[in-house]
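According to full-length UniProt numbering, numbering within the sequence shown proceeds without interruption in unit steps and concludes at 221.
Each remark here refers to the structure printed beneath this line.
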Amino acid sequence: MATASNSVLFLSSDSLSHHHNHTRTHLHLSSSRSHSVSLNRTKQQSTSLALHCSNNGDNVSSPIELKFPTFPTVMDINQIREILPHRFPFLLVDRVIEYTPGVSAVAIKNVTINDNFFPGHFPDRPIMPGVLMIEAMAQVGGIVMLQPEVGGGSQDNNIFFAGIDKVRFRKPVIAGDTLVMRMTLVKFQKRFGLAKMEGKAYVGGSLVCEGEFMMVSAGSS
């Protein structure tokens, strides 16, 4: 009985040892699987974040700074300065990205925190004043009006407001935005130098401002 008991005890000990080793192996595998699942979840989250950041169907391996091409340059700031009489701090057009002679122009204004109107409008919430959005759009209209195709092109010509109608501000424009403005000439009475233009401004594809502009071309004298 003692031998059998010892044998039983020996076998039980061996069985327990085997069970312990099996349990350790199982725990090791479970730990490895948990670690693998954790890594996979982290990878999936990173991939999901990359997909969310790109969100345009491009290869997620490409860095975000390479995904969005810049606007084309039809007229740079030096060419704009040769057309418009405005200067700092009231030159509100940075680049012309499309121009159809005698018809329309599309230009951009890079709105930055360094613009001199932000300290007062408003100190705690920098928003571009609506009147300056209108002014920027009018300057884009001036680029169309001051070209030879519309009778401009002379150093003595200037463009002035004659009226503004149906102006609507749809969304605020803040520091960091790129204001994209399209001005289209819809009617021009060359005899009187009067023009009617339609303007729309966008930020990120969303309409932020629109209106109708009456403008008059006149010599500086």
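Glycine residues also receive a C-beta, built at the ideal position from the N, C-alpha and C atoms.
For Thr-184, tell me which candidate among Val-173, Asn-78, Gln-139, Thr-178 has the shortest Cα-Cα distance.
For the purposes of this step, residue 184 is taken as residue 184 along the sequence shown, with counting starting at 1. That would be Gln-139, whose Cα lies nearest to the Cα of Thr-184.
Put Met-128 into one of helix, strand or coil per three-state DSSP.
Taking the first residue of the sequence shown as position 1, residue 128 is located at position 128. DSSP places Met-128 in coil when its eight states are reduced to three.
Straight-line CA distance for Glu-212 to Asp-124?
Translated into the one-based positions of the sequence shown, residue 212 becomes position 212. Translated into the one-based positions of the sequence shown, residue 124 becomes position 124. Approximately 32 Å between the Cα atoms of the pair.
Have a look at Asp-94 and Arg-191 and give me their C-alpha separation to the nearest angstrom.
Mapped onto the sequence shown, residue 94 falls at position 94. Mapped onto the sequence shown, residue 191 falls at position 191. Going from the Cα of Asp-94 to the Cα of Arg-191 covers about 31 Å.
Under the three-state DSSP convention, the category Leu-91 falls into
Numbered from 1 along the sequence shown, position 91 holds the residue referred to as residue 91. Of the three classes helix, strand and coil, the one that applies to Leu-91 here is coil, per DSSP.
From the DSSP output, in three-state form, read off Ile-159 for me.
Locating residue 159 in the sequence shown gives position 159, where the first residue counts as 1. Of the three classes helix, strand and coil, the one that applies to Ile-159 here is strand, per DSSP.
Are the beta-carbon atoms of Lys-196 and Arg-182 separated by less than 7 Å?
Here residue 196 refers to the residue found at position 196 of the sequence shown. Here residue 182 refers to the residue found at position 182 of the sequence shown. For the pair Lys-196 and Arg-182, the CB atoms are not nearer than the 7 Å cut-off.
Three-state secondary structure (DSSP) at Ile-80?
For the purposes of this step, residue 80 is taken as residue 80 along the sequence shown, with counting starting at 1. Reduced to three states, the DSSP call for Ile-80 is helix.
Starting from residue 222, follow the beta strand (DSSP E) in both directions and report where the run begins and ends.
Since the displayed the chain opens at 1 and closes at 221, residue 222 lies outside it and no answer follows.
Grab the span of the beta strand (DSSP E) containing Gly-174 for me, first residue to last.
By 1-based counting over the sequence shown, the position of residue 174 is 174. This sequence places Ile at residue 174; Gly is not what is there. Taken as a continuous stretch (DSSP letters only), Ile-174 belongs to no beta strand (DSSP E), as it is neither H nor E.
Does the region 102–111 come close enough to the region 144–153 that 3 or more CB-CB pairs lie under 8 Å?
yes
Tell me whether Leu-146 sits in a helix, a strand or coil according to DSSP, three-state version.
The residue labelled residue 146 in the question sits at position 146 within the sequence shown. The answer is coil: DSSP assigns Leu-146 none of H, G, I, E or B.
Who are the Cβ neighbours of Gly-142 in its own chain at under 7 Å, not counting the five residues just before and after it?
Within the sequence shown, the letter at position 142 stands for residue 142. So the list reads Leu-84, Ile-159, once near-sequence residues are dropped.
Just checking my contact of Ile-127 with Pro-172 at CB under 8 Å: how many whole Å lie between their CB atoms?
By one-based count along the sequence shown, residue 127 stands at place 127. By one-based count along the sequence shown, residue 172 stands at place 172. So it is a contact: roughly 5 Å between Cβ atoms.
Here's a check: name, in chain order, each residue in its chain whose Cβ is nearer than 6 Å to the Cβ of Val-216, leaving out the five neighbours to either side.
On the sequence shown, residue 216 is found 216 positions in, with the first residue counted as 1. Contacts found: Phe-160, Ala-162, Gly-193, Leu-194.
Considering only residues of the same chain and omitting the five flanking positions on each side of Lys-109, which have a CB-CB separation below 8 Å?
In the sequence shown, counting from the first residue as 1, residue 109 sits at position 109. Cβ neighbours of Lys-109 beyond the five flanking positions: Leu-92, Val-93, Asp-94, Ala-136, Thr-178, Leu-179, Met-181.
Tell me, please, which residues DSSP counts as bridged to Met-215.
Position 215 of the sequence shown, counted from the start, is the residue given in the question as residue 215. Its beta-bridge partners are Phe-161, Ala-195.
How is Ile-134 classed by DSSP in three states: helix, strand or coil?
If you number the sequence shown from 1, residue 134 lands on position 134. DSSP, reduced to helix, strand and coil, places Ile-134 within a helical segment of the structure shown.
Taking the C-alpha atoms as reference points, what is the distance between Ser-61 and Phe-68?
The residue given as residue 61 occupies position 61 in the sequence shown. The residue given as residue 68 occupies position 68 in the sequence shown. Approximately 14 Å, taken between the alpha carbons.
In terms of alpha-carbon separation, which member of Asp-165, Met-214, Pro-72, Pro-89 lies closest to Asn-114?
Residue 114 sits at position 114 when you count from the first residue of the sequence shown. Of the candidates Asp-165, Met-214, Pro-72, Pro-89, the one whose C-alpha sits nearest the C-alpha of Asn-114 is Pro-89.
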